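To get our numbering, take the position in the sequence shown, counting from 1, and add 397. Even for Gly, the Cβ is constructed at its ideal location relative to N, Cα and C. Here the structure is a predicted model, which means the values were calculated and not measured. Following: one structure in structure tokens, then a few remarks.
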Amino acid sequence: KWSGPMKDSSYACLHEFQRVNHFPGSKELTRKDSMYQHLAGMARVFGKDAFNFFPESFLLPEQMPEFTREFRRKRGLWIVKPHNSACGRGIFILQDLSDLDSEERFVV
């Protein structure tokens, strides 16, 4: 049965035959917003050239001014992903800034 993330204290109650498919802190790698924050932080420390394998990205709404500047400058299509969805749910192509919900959290 799927039960969602476990609290750290719950691991001590597991029996030796029980298995868990998540580990503490795994959302840092599996959520798009957390992964972006870690990659961007490492790029600041080690240089952008070492992290050129992921596209220019923005975390919205926090980086909306920076994204708006780039959106207007580059005039292209942008892929917008909800920060914590899976299986392609909620992904859309952005052509017009008015299509963005300024209250929602996205990775662009």
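Quick one, which of Val504, Arg470, Gly422 has its alpha-carbon nearest isoleucine 488's? Each of Val504, Arg470, Gly422 was checked against the Cα of isoleucine 488, and the nearest Cα belongs to Val504.
For phenylalanine 503, write down the residues that DSSP places opposite it in a beta bridge. Leu457, Pro479
Around the C-beta of tyrosine 408, are 16 or more other C-beta atoms found within 10 angstroms, so that it is buried, or is it exposed? exposed
In or out: phenylalanine 420 buried (at least 16 other Cβ within 10 Å) or exposed? By the beta-carbon neighbour count (other beta carbons within 10 angstroms, threshold 16), phenylalanine 420 is exposed.
I'd like the span of the alpha helix (DSSP H) that includes phenylalanine 443, first residue to last. 429-443
Please state whether the Cβ-Cβ distance between leucine 456 and aspartate 430 is less than 8 Å. yes
Are leucine 474 and leucine 491 touching if we call contact CB-CB under 8 Å? By the CB criterion at 8 Å, leucine 474 and leucine 491 fall inside the cutoff.
Going by other Cβ atoms of all chains shown within 10 Å of its Cβ, with 16 needed for buried, is serine 482 buried or exposed? exposed
I'd like the list of long-range same chain contacts for aspartate 405, defined as Cβ closer than 7 Å, with 5 residues on each side in sequence excluded. Pro421
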